[in-house]
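Comments concern the structure below.
Numbering (my numbering), first residue to last: 299 to 450.
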């Protein structure tokens with residue numbers, strides 16, 4: 299994993315999005331983060347598996363999305379689908395979720411020598427809303443309806 303990361307960094311990327319080991323076309327994770335995409339009005343993320351961890355932040359984002367009535371699909375995500383969504387102008391958001399970063403916006407995705415740019419971070423309604431809500435819950439500024447916070 300170090301060599302691909304080095305190549306990506308030399309090309310100006312900050313992180314890798316890993317694909318499956320067999321067909322090399324299904325998205326799995328980015329570094330140590332789960333990955334999510336807003337394609338149209340649907341939040342799409344790969345399902346957990348032996349190679350995709352069931353992240354706590356991932357689970358929290360999916361629960362909030364469902365609470366808000368957002369359509370959620372946990373399924374295999376083909377990189378070609380993500381590229382097509384970008385070309386069609388319906389890749390509205392892409393981000394990683396993880397304990398340290400909470401929400402890490404993806405600015406662009408490089409694939410086969412082409413960079414696919416995402417909308418400016420400030421215009422990304424879902425990831426900004428979920429990031430804000432998670433911060434509010436942590437601080438006690440929003441109701442913790444899922445009992446995520448433990449007072450010590």
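Heads up, the beta-carbon is just placed ideally off N, CA and C, and yes, glycines get one too.
Worksheet item: If you check the beta carbons only, do residue 377 and residue 409 fall under 8 Å apart?
Response: For the purposes of this step, residue 377 is identified with residue 79 of the chain shown, where counting begins at 1. For the purposes of this step, residue 409 is identified with residue 111 of the chain shown, where counting begins at 1. Contact flag set, yes.
Worksheet item: Got a sec? Which residues, its chain only, sit under 6 Å from residue 368 by beta carbon, not counting five neighbours each side?
Response: In the chain shown, counting from the first residue as 1, residue 368 sits at position 70. Excluding sequence neighbours, residue 368 sits near 341.
Fill in: Integer-rounded CB distance, given that residue 317 should sit under 8 Å from residue 323
Counting from 1 along the chain shown, the entry for residue 323 is found at position 25. Counting from 1 along the chain shown, the entry for residue 317 is found at position 19. Contact check for residue 323 and residue 317: beta-carbon distance about 6 Å, within the 8 Å limit, so the pair qualifies.
Fill in: Sequence-distant residues of the same chain with beta carbon closer than 7 Å to residue 444, five excluded per side
Translated into the one-based positions of the chain shown, residue 444 becomes position 146. Taken in chain order, the residues that qualify are 361.
Worksheet entry | Limits of the beta strand (DSSP E) - the one that residue 421 falls within | Your numbering for residue 421 matches position 123 in the chain shown. First-last for residue 421: undefined, no H or E at that position.
Item to complete: Could you pull out every residue in the same chain whose Cβ sits closer than 6 Å to the Cβ of residue 356, ignoring the five residues on either side in sequence?
Response: Position 58 of the chain shown holds residue 356. The residues are 332, 395.
Fill in: Expected contact under 8 Å - CB spacing of residue 416 and residue 391 to nearest Å
By 1-based counting over the chain shown, the position of residue 416 is 118. By 1-based counting over the chain shown, the position of residue 391 is 93. About 7 Å; that satisfies the 8 Å criterion.
Worksheet item: When DSSP builds the beta bridges, which residues end up paired with residue 408?
Response: The residue labelled residue 408 in the question sits at position 110 within the chain shown. Per DSSP, 413.
Worksheet item: Name the DSSP beta bridge partners of residue 308, please?
Response: If you number the chain shown from 1, residue 308 lands on position 10. For residue 308, which the question treats as bridged, DSSP gives no partner whatsoever.
Practice prompt. May I ask you to report which of helix, strand or coil DSSP gives residue 431?
Written response: Mapped onto the chain shown, residue 431 falls at position 133. Reduced to three states, the DSSP call for residue 431 is helix.
Item to complete: To the nearest angstrom, report how far apart residue 320 and residue 426 are at their CA atoms.
Response: Your numbering for residue 320 matches position 22 in the chain shown. Your numbering for residue 426 matches position 128 in the chain shown. Each residue's alpha carbon lies about 34 Å from the other.
Discussion item. Rounding to the nearest angstrom, what Cα-Cα distance links residue 308 and residue 411 in this structure?
Written reply: Walking along the chain shown from the start, residue 308 turns up at place 10. Walking along the chain shown from the start, residue 411 turns up at place 113. Approximately 13 Å, taken between the alpha carbons.
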